[in-house]
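K.L.:
Just dropping this structure here.
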Amino acid sequence: MNQQVFQQCIIPSCGERYSIHELQTECRRCGNLIDIKYDVPPHPKLKHVFSDRRNHRGNIFDESGVWRFRELINFPSVNCTEYTSYSKVFVSLDGAEGRTKPFQLTKVAEFVGLNPQNLWLQFEGDNPTGSFKDNGMATAFTHAKMLKHQKIACASTGNTSSSAAAFAANEWIEAIVFIGKGKIAQGKLAQTLDYGAKVVQIQGNFDDALNRVKELAPILNLYLVNSLNAFRIEGQKTMMYRILDFFDWQVPNWIVFPGGNLGNTAAFGKAFKELKNWGWIHKVPRLVVVNALGANTLSHLYNKLHLTWNQGNVDDTIIDDYYALLDREGVKAKTQASAIEILKPANLKKALRSLTDTNGIVIEVTDQEMLDARAIVGRNGFGCELASAATVAGIKNLVQKGVIAKDDTTVGILTGHMLKDPDTIIRYHRNSRNIYANAPIVVENELQSILQTLSS
Ligand code: F0G
């Protein structure tokens, strides 16, 4: 394989390169984030190979919605057609990760005001650990194994930790997870504990936990699997490949998803930019990042303070001044959508780049908008966790404003499974003020009274 793969600082005026045989979560020269770069463009005829692999014939790496696209994320530079060579290198939960595709949901389409044939929702909650994170862990763990690491670590609001813990368990690797006390939904904590990770609970939130784990990783030689790991971002690009493959490489108008630490924003922008540069697609969709109102750093910096990528010359003083203000005033992220309760997103600059590359939009939605949007996804017979419903609330908001037209092809990413956080759902249904509330009917266990209740 003649492919040259390397890590490179995202800032063009720095451009420092690193070998892929190390993990750089930030540039040693300027402290900015890192990209994985491939210098040989993959040939567009692979599109047919990818769709052909949907019939996986028992090959778990074709079954996997991540490794089905292995030629586009081949940072280990293995021979992608020779099973005996790639199967020793790629990490997979037995082909179960990334087996998702867009679905149509008529009740949700009606709720957001789109024509039913134009709204598509991709349920990343259908991944083996119940969130989109499994896409990125497949590639991050592949890299961790290349480097022969025996211990991985992350900070998490719960999904990263569940996914990391599961992959670690399956690979006989130790996982150490940092969480903020009271900041993680019960289902996610249960998974992380059950998969055997060492869970360190700190006084503080996700932002504090991430700072702590970044500090500890080099001291304890821990391989960091948070989304500032560029190898994880490579796996998350495959969510976009699956959409394009599903649409026969016709590009939708909009891709809408929640923004937390902004790993997806980084990954989706990179995926489309690369495909366009390689001549695989001729236009890119517009990305819409949906922030929770109480965790709206990207929205504030982009919409109010007009911070942009500016060809890599991001105005750091705007970010520094804003973060200093948040610290001075003791502002903390606050939303019921605990998955995205993040105030200092690690992938901020990559996200700004993705927004420039895709003419992207950032919006904010309230907790109540997310709660109702989540309920309508459930009412459609599917379901997602609260943070994922930012997607649906965001689409509704933009349709109402006339930004998304009724017949625009719009694909929303539902990032996590509804059972991650049943408490929030039950609380919603018990509160009769909520429009889709559906509380249990309490009756005496007596036939006549039950008949009477059900017929009224
Ligand atoms: N949706 C869900 C369900 C999430 O768990 C997350 C992030 C996001 C959206 C935001 O994605 O960070 O790429 O912008 N969860 C992380 C975690 C922070 O620790 O599980 P992002």
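In our numbering, the protein residues as written are 1492 to 1947. Note that beta-carbon positions come from the ideal geometry of N, C-alpha and C, so glycine has one too.
#1: In three-state DSSP terms, what is MET1492?
#2: Closer than 8 Å: is that where the CB of PRO1619 sits relative to any heavy atom of ligand 1?
#3: Going residue by residue through the region 1832-1905, where are the continuous alpha helix (DSSP H) segments of at least 4 residues, counting only ones entirely within it?
#4: Is GLU1725 a contact residue of ligand 1, with contact defined as CB to any heavy atom under 8 Å?
#5: Going by the CB atoms, is the gap between VAL1599 and ILE1734 shorter than 9 Å?
#6: Let me make sure I understand the geometry here. Which of LYS1689, SER1940, ALA1866 and ILE1886 has the alpha-carbon closest to that of LEU1910?
#7: Does the region 1625-1640 come close enough to the region 1675-1691 to have 3 or more Cβ pairs within less than 8 Å?
#8: Taking only the alpha-carbon atoms, compute the straight-line gap between VAL1781 and SER1946 and give it to the nearest angstrom.
#9: Which term fits ARG1777, buried or exposed, when burial requires 16 or more other beta carbons within 10 angstroms of its beta carbon?
#10: Pick helix, strand or coil for ASN1782, following the three-state DSSP scheme.
#11: Since LEU1652 is in the alpha helix (DSSP H), which residue starts that stretch and which ends it?
#12: Determine the burial state of TRP1611: buried for a count of at least 16 other Cβ atoms within 10 Å of its Cβ, exposed for fewer.
#13: Of the residues SER1653, TYR1509 and LYS1538, which one's Cα is nearest the Cα of LYS1528?
#14: Less than 8 Å between the CB atoms is what I'm expecting for LEU1584 and ASN1661, so what's the real figure, rounded?
#15: In terms of alpha-carbon separation, which member of ASP1812, THR1826 and ALA1783 lies closest to GLU1820?
#16: Excluding sequence positions up to five away, which residues of its chain have a Cβ less than 6 Å from the Cβ of LEU1816?
#17: Examine ligand 1 and report whether any of its heavy atoms sits within less than 8 Å of the Cβ of LYS1636.
#18: To the nearest angstrom, how far is the alpha carbon of VAL1933 from that of SER1923?
#19: Thinking ALA1880 and MET1861 are a contact (beta carbons under 8 Å), I'd like their distance in whole angstroms, please.
#20: DSSP three-state label for GLN1741, please.
#21: Excluding the 5 residues preceding and the 5 following ALA1666 in the sequence, name in chain order all residues of the same chain whose CB lies nearer than 6 Å to its CB.
#22: Are three or more beta carbon pairs between the region 1724-1744 and the region 1754-1771 nearer than 8 Å?
#23: DSSP on VAL1822, reduced to helix/strand/coil?
#24: Should LEU1834 be listed as close to ligand 1, given that the test is whether its C-beta is under 8 Å from any heavy atom?
#25: Over what stretch of residues does the alpha helix (DSSP H) that includes TYR1686 continue unbroken?
#26: Between the C-alpha atoms of MET1492 and THR1575, what's the straight-line distance to the nearest angstrom?
#27: For ARG1722 versus THR1620, is the C-beta spacing smaller than 9 Å?
#28: Which residues in the same chain have their Cβ closer than 8 Å to the Cβ of LEU1796, if we skip the five residues on either side of it in sequence?
#29: Let's see if you can read the secondary structure: which residues bound the beta strand (DSSP E) around ASP1526?
#30: What would DSSP say about TRP1558, mapped onto helix, strand or coil?
#31: Smallest Cα separation from GLN1498: which of GLN1515, CYS1505 and SER1504?
#32: List in chain order: all unbroken alpha helix (DSSP H) runs of 4+ residues lying wholly within the region 1559-1630.
#33: Helix, strand or coil: how does DSSP classify ILE1664 here?
#34: Taking the alpha-carbon of THR1900 as reference, which of GLY1785, ALA1842, GLY1751 and VAL1742 has the nearest alpha-carbon?
#35: Between ASN1696 and the rest of its own chain, which residues show a CB-CB distance below 7 Å, the 5 nearest in sequence each way excluded?
#36: In the DSSP assignment, the beta strand (DSSP E) including SER1940 goes from what residue to what residue?
P.N.:
So, to answer that:
#1: To locate residue 1492, count along the sequence shown from 1; it is residue 1. Confidence in MET1492 is poor, its pLDDT being 45 and thus under 50, which makes the residue's placement too unreliable to answer from.
#2: For the purposes of this step, residue 1619 is taken as residue 128 along the sequence shown, with counting starting at 1. PRO1619: no, Cβ never under 8 Å from ligand 1.
#3: Entirely contained in the region 1832-1905, the alpha helix (DSSP H) runs reaching 4 residues are, in chain order, 1839-1849, 1858-1870 and 1881-1891.
#4: Here residue 1725 refers to the residue found at position 234 of the sequence shown. For ligand 1, not one heavy atom lies less than 8 Å from the Cβ of GLU1725.
#5: As a working mapping, residue 1734 is identified with position 243 in the sequence shown. As a working mapping, residue 1599 is identified with position 108 in the sequence shown. In terms of Cβ geometry, ILE1734 and VAL1599 do not form a close pair [threshold 9 Å].
#6: The count along the sequence shown starts at 1 and reaches residue 1910 at position 419. Of the listed residues, the one whose Cα sits closest to LEU1910 is ALA1866.
#7: As far as the Cβ criterion goes, the region 1625-1640 does not touch the region 1675-1691, which means the pair count is below three.
#8: Taking the first residue of the sequence shown as position 1, residue 1781 is located at position 290. Taking the first residue of the sequence shown as position 1, residue 1946 is located at position 455. If you take the alpha carbons of VAL1781 and SER1946, they lie about 42 Å apart.
#9: By one-based count along the sequence shown, residue 1777 stands at place 286. By the 10 Å Cβ count, ARG1777 comes out buried.
#10: Against the sequence shown, residue 1782 aligns to sequence position 291. Collapsing the DSSP output to three states places ASN1782 in a strand.
#11: Locating residue 1652 in the sequence shown gives position 161, where the first residue counts as 1. In the sequence as presented, Leu is not what sits at residue 1652; that position holds Ser. Unbroken alpha helix (DSSP H) run through SER1652: 1650-1661.
#12: Working through the sequence shown from its first residue, we reach residue 1611 at position 120. By the 10 Å Cβ count, TRP1611 comes out buried.
#13: Stepping through the sequence shown from its first residue, residue 1528 is reached at position 37. In terms of Cα proximity to LYS1528, the closest of SER1653, TYR1509 and LYS1538 is TYR1509.
#14: Taking the first residue of the sequence shown as position 1, residue 1584 is located at position 93. Taking the first residue of the sequence shown as position 1, residue 1661 is located at position 170. ASN1661 and LEU1584 do touch by the CB rule: their CB atoms are close to 6 Å apart, below 8 Å.
#15: Walking along the sequence shown from the start, residue 1820 turns up at place 329. The residue from ASP1812, THR1826 and ALA1783 with its alpha-carbon nearest to that of GLU1820 is ASP1812.
#16: As a first step, residue 1816 is located in the sequence shown; it is residue number 325 there, counting from the start. By the criterion of a C-beta distance shorter than 6 Å, LEU1816 is surrounded by no residue of its chain, once the five residues flanking it on both sides are discounted.
#17: As a working note, residue 1636 is residue 145 in the sequence shown. Taking 8 Å as the cut-off, the C-beta of LYS1636 does not count as close to any heavy atom of ligand 1.
#18: Mapped onto the sequence shown, residue 1933 falls at position 442. Mapped onto the sequence shown, residue 1923 falls at position 432. Cα to Cα, VAL1933 sits roughly 14 Å from SER1923.
#19: Numbered from its first residue, the sequence shown carries residue 1880 at position 389. Numbered from its first residue, the sequence shown carries residue 1861 at position 370. That pair is a contact at about 5 Å.
#20: As a first step, residue 1741 must be located in the sequence shown, where it is residue number 250. Secondary structure at GLN1741: coil, using DSSP grouped into helix, strand and coil.
#21: One-based indexing of the sequence shown puts residue 1666 at position 175. The answer, listed in chain order, is ILE1643, ALA1655, ALA1656, ALA1659 and ALA1688.
#22: Touching, yes.
#23: Against the sequence shown, residue 1822 aligns to sequence position 331. Three-state result, VAL1822: coil.
#24: Taking the sequence shown and counting its residues from 1, one reaches residue 1834 at position 343. Checking every heavy atom of ligand 1 against the Cβ of LEU1834, none is found closer than 8 Å.
#25: The residue given as residue 1686 occupies position 195 in the sequence shown. Judged by DSSP secondary structure, TYR1686 falls outside any alpha helix (DSSP H); it is assigned neither H nor E.
#26: The sequence position of residue 1492 within the sequence shown is 1, counting from 1. The sequence position of residue 1575 within the sequence shown is 84, counting from 1. Confidence in MET1492 is poor, its pLDDT being 45 and thus under 50, which makes the residue's placement unreliable; the coordinate value appears in the next sentence. Their backbone Cα atoms lie some 15 Å apart in a straight line.
#27: Position 231 of the sequence shown holds residue 1722. Position 129 of the sequence shown holds residue 1620. Strictly speaking, residue 1722 in this sequence is Phe, with Arg absent from that position. Contact: no.
#28: In the sequence shown, counting from the first residue as 1, residue 1796 sits at position 305. Excluding positions up to five away in sequence, the list reads ILE1809 and TYR1813.
#29: By one-based count along the sequence shown, residue 1526 stands at place 35. Counting along the chain, the beta strand (DSSP E) containing ASP1526 begins and ends at 1525-1529.
#30: One-based indexing of the sequence shown puts residue 1558 at position 67. If DSSP states are grouped into helix, strand and coil, TRP1558 belongs with the helices.
#31: Within the sequence shown, numbered from 1, the residue matching residue 1498 stands at position 7. Among GLN1515, CYS1505 and SER1504, the Cα nearest to that of GLN1498 is on GLN1515.
#32: Listed in chain order, they are 1574-1577 and 1597-1603.
#33: Within the sequence shown, numbered from 1, the residue matching residue 1664 stands at position 173. For ILE1664, the secondary structure class from DSSP, reduced to helix, strand or coil, is coil.
#34: The residue labelled residue 1900 in the question sits at position 409 within the sequence shown. Taking only the C-alpha atoms, the option nearest THR1900 is VAL1742.
#35: Within the sequence shown, numbered from 1, the residue matching residue 1696 stands at position 205. Within its own chain, the residues whose Cβ lies closer than 7 Å to the Cβ of ASN1696, once the five positions on either side in sequence are excluded, are GLY1671, LYS1674, LYS1823, ALA1824 and GLU1832, listed in chain order.
#36: On the sequence shown, position 449 is the one that residue 1940 refers to. Per DSSP, SER1940 belongs to no beta strand (DSSP E); it is in the alpha helix (DSSP H), 1938-1946.
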